[in-house]
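Chemist: Numbering (UniProt numbering), first residue to last: 1 to 198.
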């Protein structure tokens with residue numbers, strides 16, 4: 001079964017990030033979309049909201065890409081990039097703000113879950129993909145996810161965030177997820193495996 005990405009903006013986002021993201025991060029972003037879209041089925045989202053959700057999922061780790069490696073935390077850089085991407089396609093500011101929040105808050109447990117539906121869905125997609133708790137009952141969902149192998153995503157994503165933070169520590173404030181990753185790296189810089197704070 002093929003995976004679709006909302007509407008035209010989602011399709012454009014897929015093509016855009018495919019050329020920018022590490023393959024493991026790209027696959028993870030698609031998996032987040034598959035999980036979030038599946039969970040959104042009972043929420044009566046509009047067609048435009050579904051399209052925006054696809055963009056949010058596909059861009060949620062775009063801040064790790066060289067093209068979007070700016071001075072802010074990777075979550076904020078990705079959120080800014082997605083908002084600009086949607087603005088170029090005529091999306092209204094209100095929906096762009098929802099996408100911005102969904103990406104900027106996706107590493108903020110306890111906050112993301114209590115924000116708008118797009119933020120909750122992106123956070124759900126991220127947490128389910130990292131926990132592996134998809135459940136065996138949904139064979140169709142599992143079939144879609146198997147098309148996009150996880151490929152050491154924890155190692156790859158952790159290393160990408162740390163690599164940016166080592167060069168620019170301001171991207172990793174102490175109380176943030178990037179900050180925790182940076183602190184763990186500095187405490188054990190020769191660790192060849194997954195960052196201990198992941």
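For every residue, glycine included, the Cβ atom is placed at its ideal position computed from N, Cα and C.
1. Please list, in chain order, all residues of the same chain as residue 166 whose beta carbon is under 8 Å from its beta carbon, the five residues on each side excluded.
2. In whole angstroms, what is the alpha-carbon distance linking residue 131 and residue 110?
3. Can you check which of these residues, 81, 73 and 117, is closest to residue 179 by C-alpha distance?
4. For residue 139, count neighbouring C-beta atoms within 10 Å of its own C-beta (all shown protein chains included) and say buried if the count is 16 or more, exposed if not.
5. Could you have a look at residue 129 and say whether DSSP puts it in helix, strand or coil?
6. Measuring alpha carbon to alpha carbon, tell me which of 63, 158 and 169 ends up nearest residue 196.
7. Measuring straight from C-alpha to C-alpha, what distance separates residue 86 and residue 96?
8. Any heavy atom of the ligand COA closer than 6 Å to the Cβ of residue 171?
9. Which first and last residues belong to the alpha helix (DSSP H) in which residue 103 is found?
10. Locate the alpha helix (DSSP H) running through residue 5, then write down its first and last residues.
11. Suppose you measure from the CA of residue 24 to the CA of residue 169; what does that come to, to the nearest Å?
Modeler: Reading from the atomic positions:
1. For the purposes of this step, residue 166 is taken as residue 166 along the chain shown, with counting starting at 1. Contacts found: 182 and 185.
2. Locating residue 131 in the chain shown gives position 131, where the first residue counts as 1. Locating residue 110 in the chain shown gives position 110, where the first residue counts as 1. When rounded, the distance between both Cα atoms is 16 Å.
3. Your numbering for residue 179 matches position 179 in the chain shown. Ranking 81, 73 and 117 by Cα distance to residue 179 puts 73 first.
4. Position 139 of the chain shown, counted from the start, is the residue given in the question as residue 139. It is exposed - the Cβ of residue 139 has fewer than 16 other Cβ atoms within 10 Å.
5. Position 129 of the chain shown, counted from the start, is the residue given in the question as residue 129. In the structure shown, residue 129 sits in a helix (DSSP, three-state: H, G or I).
6. Along the chain shown, one-based indexing puts residue 196 at 196. Nearest C-alpha to residue 196: 158.
7. Against the chain shown, residue 86 aligns to sequence position 86. Against the chain shown, residue 96 aligns to sequence position 96. The straight-line gap from Cα to Cα measures roughly 7 Å.
8. Because no ligand of any kind appears in the structure shown, any question about the ligand COA cannot be addressed here.
9. Here the question's residue 103 lines up with position 103 in the chain shown. Here the alpha helix (DSSP H) through residue 103 covers 93-104.
10. In the chain shown, counting from the first residue as 1, residue 5 sits at position 5. From DSSP, residue 5 is part of no alpha helix (DSSP H); its letter is neither H nor E.
11. For the purposes of this step, residue 24 is taken as the residue at position 24 of the chain shown. For the purposes of this step, residue 169 is taken as the residue at position 169 of the chain shown. Each residue's alpha carbon lies about 24 Å from the other.
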